[in-house]
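Participant: First residue of the sequence shown? That's 1427 in my numbering, and the numbers climb one at a time after it.
Each residue gets a CB set at the ideal place from its N, CA and C atoms; glycine is no exception.
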Amino acid sequence: YGRFLKEENMKAILLVTHSTMCEGVKASCEMIIGQKENLYTCSLTEEGVDNFRVHLVAIIEKLEKEYKEVIIVTDIPNATPYNECCRYILSHKDSHLCLISGMNLAMVIELGMMSSLDMEMKQLVDQVIETGKISICSL
1427 YGRFLKEENM
1437 KAILLVTHST
1447 MCEGVKASCE
1457 MIIGQKENLY
1467 TCSLTEEGVD
1477 NFRVHLVAII
1487 EKLEKEYKEV
1497 IIVTDIPNAT
1507 PYNECCRYIL
1517 SHKDSHLCLI
1527 SGMNLAMVIE
1537 LGMMSSLDME
1547 MKQLVDQVIE
1557 TGKISICSL
(Lines of atoms letter the chains of each structure in order from A and count residues from 1; the text may use other names and numbers.)
(Lines give C-alpha, C1' and ligand atoms only; values in the text may rest on other atoms or scores of the structure.)
Protein backbone atom coordinates (compact mmCIF):
# COMPACT_ATOMS: atom_id res chain seq x y z
CA TYR A 1 0.00 0.00 0.00
CA GLY A 2 2.98 2.30 -0.33
CA ARG A 3 1.48 4.04 -3.38
CA PHE A 4 -1.27 5.77 -1.40
CA LEU A 5 -0.82 9.42 -0.46
CA LYS A 6 -3.60 9.93 2.10
CA GLU A 7 -3.72 8.68 5.67
CA GLU A 8 -4.05 4.90 5.66
CA ASN A 9 -7.59 4.50 6.99
CA MET A 10 -9.20 7.40 5.11
CA LYS A 11 -11.58 6.42 2.35
CA ALA A 12 -12.36 8.68 -0.60
CA ILE A 13 -16.00 9.66 -1.08
CA LEU A 14 -17.13 10.42 -4.62
CA LEU A 15 -20.60 11.93 -5.11
CA VAL A 16 -21.91 11.28 -8.63
CA THR A 17 -25.21 12.83 -9.75
CA HIS A 18 -27.28 14.40 -12.48
CA SER A 19 -26.52 18.11 -12.85
CA THR A 20 -25.13 19.93 -9.81
CA MET A 21 -26.87 17.97 -7.04
CA CYS A 22 -23.54 16.49 -5.92
CA GLU A 23 -21.96 19.93 -5.53
CA GLY A 24 -24.93 21.14 -3.48
CA VAL A 25 -24.85 18.09 -1.22
CA LYS A 26 -21.08 18.50 -0.78
CA ALA A 27 -21.48 22.20 0.10
CA SER A 28 -24.28 21.45 2.58
CA CYS A 29 -22.30 18.61 4.17
CA GLU A 30 -19.22 20.80 4.59
CA MET A 31 -21.32 23.62 6.03
CA ILE A 32 -22.41 21.20 8.76
CA ILE A 33 -19.25 19.18 9.47
CA GLY A 34 -16.48 21.33 8.00
CA GLN A 35 -14.22 21.00 4.98
CA LYS A 36 -13.50 17.39 3.93
CA GLU A 37 -10.36 16.77 1.90
CA ASN A 38 -11.61 13.32 0.86
CA LEU A 39 -14.98 14.42 -0.57
CA TYR A 40 -15.17 14.74 -4.37
CA THR A 41 -17.90 15.29 -6.98
CA CYS A 42 -18.65 14.34 -10.57
CA SER A 43 -21.70 15.70 -12.44
CA LEU A 44 -23.53 14.46 -15.50
CA THR A 45 -24.17 17.68 -17.41
CA GLU A 46 -25.66 18.67 -20.74
CA GLU A 47 -22.25 17.89 -22.29
CA GLY A 48 -23.45 14.29 -22.52
CA VAL A 49 -22.64 10.79 -21.40
CA ASP A 50 -19.37 10.39 -23.31
CA ASN A 51 -17.81 13.48 -21.68
CA PHE A 52 -19.22 12.40 -18.32
CA ARG A 53 -17.67 8.94 -18.67
CA VAL A 54 -14.24 10.39 -19.47
CA HIS A 55 -14.43 12.72 -16.46
CA LEU A 56 -15.73 9.95 -14.15
CA VAL A 57 -12.99 7.51 -15.13
CA ALA A 58 -10.30 10.19 -14.64
CA ILE A 59 -11.58 11.03 -11.14
CA ILE A 60 -11.88 7.38 -10.08
CA GLU A 61 -8.40 6.56 -11.38
CA LYS A 62 -6.96 9.57 -9.50
CA LEU A 63 -8.72 8.54 -6.28
CA GLU A 64 -7.58 4.93 -6.58
CA LYS A 65 -3.98 6.16 -6.67
CA GLU A 66 -4.45 8.32 -3.57
CA TYR A 67 -6.75 6.19 -1.38
CA LYS A 68 -6.89 2.52 -0.51
CA GLU A 69 -10.70 2.49 -0.78
CA VAL A 70 -13.25 4.63 -2.64
CA ILE A 71 -16.95 4.88 -1.81
CA ILE A 72 -19.08 6.17 -4.67
CA VAL A 73 -22.54 7.56 -3.90
CA THR A 74 -25.02 8.19 -6.73
CA ASP A 75 -28.37 9.93 -6.74
CA ILE A 76 -30.68 7.37 -8.40
CA PRO A 77 -30.25 3.62 -8.85
CA ASN A 78 -30.21 2.39 -12.47
CA ALA A 79 -29.84 5.89 -13.96
CA THR A 80 -26.87 7.06 -16.04
CA PRO A 81 -24.51 8.13 -13.21
CA TYR A 82 -25.14 4.83 -11.40
CA ASN A 83 -24.85 2.78 -14.60
CA GLU A 84 -21.54 4.39 -15.58
CA CYS A 85 -20.15 3.72 -12.09
CA CYS A 86 -21.30 0.10 -12.36
CA ARG A 87 -19.64 -0.18 -15.77
CA TYR A 88 -16.34 1.02 -14.29
CA ILE A 89 -16.54 -1.26 -11.23
CA LEU A 90 -17.45 -4.34 -13.28
CA SER A 91 -14.51 -3.73 -15.63
CA HIS A 92 -12.10 -3.23 -12.69
CA LYS A 93 -12.93 -6.18 -10.44
CA ASP A 94 -9.65 -5.93 -8.51
CA SER A 95 -10.40 -2.39 -7.39
CA HIS A 96 -11.45 -1.38 -3.87
CA LEU A 97 -14.60 0.47 -4.84
CA CYS A 98 -18.06 0.40 -3.33
CA LEU A 99 -21.20 1.87 -4.87
CA ILE A 100 -24.20 3.19 -2.94
CA SER A 101 -27.25 4.73 -4.60
CA GLY A 102 -30.14 6.82 -3.31
CA MET A 103 -28.00 9.68 -1.96
CA ASN A 104 -29.29 11.95 0.77
CA LEU A 105 -27.54 14.54 2.93
CA ALA A 106 -27.69 12.43 6.10
CA MET A 107 -25.78 9.63 4.37
CA VAL A 108 -23.09 11.96 3.08
CA ILE A 109 -22.65 13.62 6.49
CA GLU A 110 -22.23 10.19 8.07
CA LEU A 111 -19.70 9.20 5.43
CA GLY A 112 -17.83 12.45 5.90
CA MET A 113 -17.61 11.97 9.66
CA MET A 114 -16.73 8.27 9.58
CA SER A 115 -14.62 7.83 6.44
CA SER A 116 -11.32 8.22 8.28
CA LEU A 117 -12.10 5.67 11.01
CA ASP A 118 -10.45 2.25 11.04
CA MET A 119 -13.63 0.53 9.89
CA GLU A 120 -14.26 -2.12 7.25
CA MET A 121 -15.78 -0.58 4.14
CA LYS A 122 -18.76 -2.99 4.16
CA GLN A 123 -19.55 -2.15 7.79
CA LEU A 124 -19.37 1.59 7.04
CA VAL A 125 -21.55 1.24 3.93
CA ASP A 126 -24.16 -0.81 5.81
CA GLN A 127 -24.27 1.83 8.56
CA VAL A 128 -24.54 4.69 6.04
CA ILE A 129 -27.41 2.99 4.20
CA GLU A 130 -29.24 2.53 7.51
CA THR A 131 -28.68 6.20 8.34
CA GLY A 132 -30.09 7.16 4.96
CA LYS A 133 -33.20 5.06 5.55
CA ILE A 134 -33.73 6.40 9.08
CA SER A 135 -33.42 10.00 7.86
CA ILE A 136 -36.47 9.59 5.61
CA CYS A 137 -39.64 10.33 7.57
CA SER A 138 -42.96 12.12 7.50
CA LEU A 139 -44.74 14.33 9.98
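Looking only at its chain, what residues have a beta carbon closer than 7 Å to the beta carbon of Asn1435, apart from the 5 residues adjacent to it on each side?
Facilitator: As a working mapping, residue 1435 is identified with position 9 in the sequence shown. Result list for Asn1435: Ser1542, Leu1543, Asp1544, in chain order.
Participant: Alpha carbon to alpha carbon, how far is Glu1492 from Thr1443? Give it in angstroms, no decimals.
Facilitator: Within the sequence shown, residue 1443 is the residue found at index 17, counting from 1. Within the sequence shown, residue 1492 is the residue found at index 66, counting from 1. Cα-Cα distance, rounded: 22 Å.
Participant: If you count every other CB in all the chains shown that lies within 10 Å of the CB of Thr1500, and 16 or more means buried, which is it?
Facilitator: Locating residue 1500 in the sequence shown gives position 74, counting from the first residue. The residue is buried, with at least 16 neighbouring Cβ atoms inside 10 Å.
Participant: Return the first residue and the last residue of the beta strand (DSSP E) that Tyr1466 is part of.
Facilitator: Taking the first residue of the sequence shown as 1, we reach residue 1466 at position 40. Note, Tyr1466: beta strand (DSSP E), 1465-1470.
Participant: Give me the residue from Met1529, His1481, Val1475, Leu1516 with the minimum Cα distance to Gly1450.
Facilitator: Position 24 of the sequence shown, counted from the start, is the residue given in the question as residue 1450. Taking only the C-alpha atoms, the option nearest Gly1450 is Met1529.
Participant: Quick check: what's the CA-CA separation for Asn1509 versus Thr1471?
Facilitator: Within the sequence shown, the letter at position 83 stands for residue 1509. Within the sequence shown, the letter at position 45 stands for residue 1471. When rounded, the distance between both Cα atoms is 15 Å.
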